[in-house]
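Read in order, the letters of the sequence shown correspond to residues -24 to -1, 1 to 248 in mature numbering (1 follows the signal peptide of the UniProt record, and there is no 0).
Ideal placement from N, C-alpha and C gives every residue a C-beta, glycine not left out.
What follows is a set of notes on a single structure, which appears directly below.
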Amino acid sequence: MEISKLSTTLVVLMALAMTHSSLAQNLPKDIVIVHNKARAEVGAPLPPLRWNDTLAKYAHNYASTRLAECKLVHSDSPYGENLAMGYGEFSAVDAVNLWVGEKPNYDYASNSCKDAQNSPQDYLNPHNEARRQVGVGPMRWDNRLAAYAQNYANQRIGDCGMIHSHGPYGENLAAAFPQLNADRAVKMWVDERQWYDYNSNSCAWGKVCGHYTQVVWRNSVRLGCARVRCNNGWYFITCNYDPPGNYNGQRPYGDLEEQPAFDSKLELPTDV
């Protein structure tokens, strides 16, 4: 993950209702101090951040639009932006400390994040959010599946080929250059939702949606994933699902009485 340039003005966008928390540690000076403390600790001659009322107004306006759902969704503004969410007396300083706590995950030499963005939770969270949106229960991490995924991913280091393992599990693949993390891979699969028609239980003509249906397959309750860097510099991610999904004649989710019995298993989508 390439790291964006540092800014010398400050925008702190917190997806929480500031009116519901105390003013302690939410004052501009408190927010600036904790930012500048982190900047001073890197040992480089970084200029200190200063408070900017224009940015603060922008942050406040956008945070207000998130009151109804409190989701960590970026505003896609022209500014750099960090988001945080917490419960109870969660303050701006608490938010900044969360961000600064990511320091061990940053590798200066490569200007990239380490594997902290590829932890089991990083795979589970976007899967379970997609499942939640269609009323399907969460999956849980399975070390046996993760070991299977890692073993197969290791076999793809030489070519990074999008070739299925044809094992006993459901399987989604992703590859990208120069970076690919768990969140991006799962987003690629979930974005296929737009091509899936529930009524006909099929993909739009000429489109692929089988990765998405596997993500939200009700009976797939265990997940294991792995990532490798291939010899050509690409990254390869595989996720395995148990029980597998994508069966002929069966919808991925819905009322149980709607679901016909399992029949022959659909071939997983051809990854390109």
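At a cut of 8 Å, does the segment 178 to 189 reach the segment 94 to 104 through at least three beta carbon pairs?
Contact between the segment 178 to 189 and the segment 94 to 104 is absent, because fewer than three Cβ pairs lie under 8 Å.
Per the DSSP calculation, residue 147 is bridged to which residue(s)?
Within the sequence shown, residue 147 is the residue found at index 171, counting from 1. In DSSP, residue 147 forms a bridge with 216.
How many Å lie between residue 114 and residue 166 at the Cα?
Indexing the sequence shown from 1 puts residue 114 at position 138. Indexing the sequence shown from 1 puts residue 166 at position 190. Cα-Cα distance, rounded: 15 Å.
Taking Cβ to Cβ, would you say residue 121 is nearer than 9 Å to residue 213?
Indexing the sequence shown from 1 puts residue 121 at position 145. Indexing the sequence shown from 1 puts residue 213 at position 237. No. Outside cutoff.
Please go through the segment 178 to 216 and give each complete beta strand (DSSP E) segment of 3 or more residues, from N-terminal end onward.
Within the segment 178 to 216, the complete beta strand (DSSP E) runs of at least 3 residues are 198 to 205.
In angstroms with no decimal places, state the Cα-to-Cα distance between residue 133 and residue 87.
In the sequence shown, the residue the question calls residue 133 occupies position 157. In the sequence shown, the residue the question calls residue 87 occupies position 111. About 23 Å.
For the candidate residues 148, 55, 125, whose alpha-carbon lies nearest to that of residue 222?
Indexing the sequence shown from 1 puts residue 222 at position 246. Nearest of 148, 55, 125 to residue 222, Cα basis: 148.
Would DSSP call residue 16 helix, strand or coil?
Taking the first residue of the sequence shown as position 1, residue 16 is located at position 40. DSSP places residue 16 in helix when its eight states are reduced to three.
Tell me which residue opens and which closes the alpha helix (DSSP H) that residue 76 is part of.
Start at 1 with the first residue of the sequence shown, and residue 76 comes out as number 100. It spans 68 to 76 - the alpha helix (DSSP H) in which residue 76 sits, taken as one unbroken run.
Give the range of the alpha helix (DSSP H) segment to which residue 166 is assigned.
Here residue 166 refers to the residue found at position 190 when the sequence shown is read from its first residue. Element bounds for residue 166: 158 to 166.
When we look at the beta-carbon of residue 18 and count the other beta-carbons within 10 Å, is it buried (16 or more) or exposed?
As a first step, residue 18 is located in the sequence shown; it is residue number 42 there, counting from the start. With fewer than 16 Cβ atoms within 10 Å of its Cβ, residue 18 is classed as exposed.
Quick check on residue 196: buried or exposed, where buried means 16 or more other Cβ atoms within 10 Å of its Cβ?
For this step, residue 196 is matched to residue 220 along the sequence shown. When all chains shown are included, residue 196 counts as buried.
Excluding sequence positions up to five away, which residues of its chain have a Cβ less than 8 Å from the Cβ of residue 146?
Against the sequence shown, residue 146 aligns to sequence position 170. Excluding sequence neighbours, residue 146 sits near 190, 193, 196, 216, 217, 218, 219, 220, 221, 222, 244.
Pop quiz: residue 93 and residue 158 are said to be a contact at Cβ under 8 Å. What is the actual Cβ separation, rounded to whole angstroms?
Residue mapping note: residue 93 aligns to position 117 of the sequence shown, counting from 1. Residue mapping note: residue 158 aligns to position 182 of the sequence shown, counting from 1. The pair is a contact, with the Cβ atoms about 6 Å apart (cut-off 8 Å).
If we ignore side chains and look at the alpha-carbon of each, how far apart do residue 72 and residue 60 end up?
As a working mapping, residue 72 is identified with position 96 in the sequence shown. As a working mapping, residue 60 is identified with position 84 in the sequence shown. Their backbone Cα atoms lie some 8 Å apart in a straight line.
Between which two residues does the alpha helix (DSSP H) holding residue 36 run?
Here the question's residue 36 lines up with position 60 in the sequence shown. Residue 36 -> alpha helix (DSSP H) spans 29 to 41.
Decide if residue 139 is buried, meaning its Cβ has at least 16 other Cβ atoms within 10 Å, or exposed.
For this step, residue 139 is matched to residue 163 along the sequence shown. Flag for residue 139 reads exposed.
Would you decide whether residue 199 is buried or exposed? Buried here means 16 or more other CB atoms lie within 10 Å of its CB.
Locating residue 199 in the sequence shown gives position 223, where the first residue counts as 1. Classification for residue 199: buried.
Decide if residue 21 is buried, meaning its Cβ has at least 16 other Cβ atoms within 10 Å, or exposed.
Against the sequence shown, residue 21 aligns to sequence position 45. Exposed, because fewer than 16 other Cβ atoms sit within 10 Å of the Cβ of residue 21.
Rounded to whole angstroms, what is the Cα-Cα separation between residue 28 and residue 34?
The residue labelled residue 28 in the question sits at position 52 within the sequence shown. The residue labelled residue 34 in the question sits at position 58 within the sequence shown. Distance between the alpha carbons of residue 28 and residue 34: 10 Å.
For residue 49, is the classification buried or exposed, using 16 other Cβ atoms within 10 angstroms of its Cβ as the cut-off for buried?
Within the sequence shown, residue 49 is the residue found at index 73, counting from 1. Classification of residue 49: exposed, given that the 10 Å Cβ count is below 16.
How is the alpha helix (DSSP H) around residue 124 delimited, first residue to last?
Residue numbering aside, residue 124 sits at position 148 when the sequence shown is read from its first letter. Per DSSP, residue 124 belongs to the alpha helix (DSSP H) from 119 to 131.
Per DSSP, what kind of secondary structure is residue -14 in: helix, strand or coil?
In the sequence shown, residue -14 corresponds to position 11, counting from 1. Bear in mind that the predicted position of residue -14 carries a pLDDT of just 45, short of 50, making it too unreliable to give a figure here.
In angstroms with no decimal places, state the Cα-to-Cα distance between residue 58 and residue 116.
Counted from its first residue, the sequence shown places residue 58 at position 82. Counted from its first residue, the sequence shown places residue 116 at position 140. Near 28 Å, if we compare the C-alpha coordinates of residue 116 and residue 58.
Taking DSSP as the reference, what is the three-state secondary structure of residue 227?
Numbered from 1 along the sequence shown, position 251 holds the residue referred to as residue 227. Coil, per DSSP.
My output table needs one value for residue 172: the three-state DSSP class, helix, strand or coil.
The residue given as residue 172 occupies position 196 in the sequence shown. The answer is strand: DSSP assigns residue 172 an E or B state.
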